[in-house]
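Quick note on numbering: numbering that gives the first Met the number 0 labels position 11 of the sequence shown as 10, and the sequence is numbered without any gaps.
From the three backbone atoms N, C-alpha and C, an ideal C-beta is built for every residue, glycine too.
Notes for the one structure printed next.
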Amino acid sequence: MREPSKVPDPVAELLTAESRGEVKRGGDFLDGAGSGLRAALVAEAVRRGADLPEDWAELDGKRLLRACLARTDGAQVRKNPIARDEAFACAHCGHEVPAGGRRPRDHCPHCLHSLHVDVVPGDRAAGCGGLLVPQAIEPGGKGTRIRYRCAACGAERFNRVLDDLAIPDEPAALRALSVRSSG
Ligand SMILES: [Zn+2]
Ligand SMILES: [Zn+2]
0 MREPSKVPDP
10 VAELLTAESR
20 GEVKRGGDFL
30 DGAGSGLRAA
40 LVAEAVRRGA
50 DLPEDWAELD
60 GKRLLRACLA
70 RTDGAQVRKN
80 PIARDEAFAC
90 AHCGHEVPAG
100 GRRPRDHCPH
110 CLHSLHVDVV
120 PGDRAAGCGG
130 LLVPQAIEPG
140 GKGTRIRYRC
150 AACGAERFNR
160 VLDDLAIPDE
170 PAALRALSVR
180 SSG
């Protein structure tokens, strides 16, 4: 980090990071700087068109900065080149889940469980791998979402309800979860 010359603007400085080394150093700086700077960074990244994960407050400095930078860079062509859409066997019920097609399928259509593998959707960067247990159905900015708690680390996560794919989330499972979460 070089010293800002006139008006101190560490946020703008952080958002110029490009190399892995710069992102790492910026992340370390963020970790030592406290929540005020984190909040200012997030506000500026969102202003520039970033779309941060809902749990950004839990990310360490390096991952938070990376999320801010990635989405800032991609804001024009809103695509996620690392999003993966793969078939998998559900870790909870064993259901063989095919790939989503139109959108990556990130949870089981049968029991709605998921795995704690992503920081930003599709990046497989969480390094936890715990079972995400559905807690509730909630309205969200991009449509109805499922709120999860990770059985391994306790993190809270959200996935969109996938009701418009060839194999949609099973209405009975969604209904059971909304009944359970409202009562
Ligand atoms: Zn399942
Ligand atoms: Zn976890």
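Straight-line CA distance for Leu130 to Arg19?
-> 30 Å
- Item | Beta-carbon proximity list for Gly26, same chain, < 6 Å, skipping 5 on both sides | Gly60, Lys61 and Leu64
Burial state of Cys89 (16 or more Cβ within 10 Å)
buried
| message | Using a Cβ-based criterion (distance less than 6 Å to any ligand heavy atom), does His91 qualify as near ligand 2? | response | no
> Can you tell which of Glu57, Leu29 and Cys67 has the C-alpha that lies nearest to the C-alpha of Glu43?
Replying inline: Cys67
Q.
At a threshold of 6 Å, does His106 count as lining ligand 1 (C-beta to nearest heavy atom)?
A. no
message: Bridge partners for Glu137 per DSSP, in chain order?
response: Arg144
Return yes when at least one heavy atom of ligand 2 lies under 6 Å from the C-beta of Gly129, else no.
-> yes
Limits of the alpha helix (DSSP H) - the one that Glu21 falls within:
Arg19 to Ala32
- Query: In chain order, what residues of the same chain have a beta carbon less than 6 Å from the beta carbon of Asp84, not counting five sequence neighbours either side?
  - Reply: Ala98, Gly99 and Pro103
* Leaving aside the five residues before and after Pro108 along the sequence, list all residues of the same chain whose C-beta is less than 6 Å from its C-beta, in chain order. => Ile166, Asp168 and Glu169
Worksheet entry | Cβ-heavy atom distance, His115 to ligand 2, below 6 Å | yes
Review point. Taking 6 Å as the line, does the beta carbon of Ala154 fall inside it for any heavy atom of ligand 2?
Key: yes
Tell me, to the nearest whole angstrom, how far the beta carbon of Arg146 is from that of Glu155; I am working on the premise that it is less than 8 Å. 7 Å
Exercise for the section: Kindly list the residues whose CB is nearer than 7 Å to the CB of Lys23, restricted to its own chain and excluding five residues on each side of it in sequence; keep chain order. Expected result: Lys61
Closest Cα partner of Arg148 within the set Asp163, Cys127 and Lys141
Cys127
DSSP three-state call for Ala88: helix, strand or coil?
-> strand
Among His106, His94, Pro133 and Glu137, which has the Cα closest to the Cα of Pro120? His106
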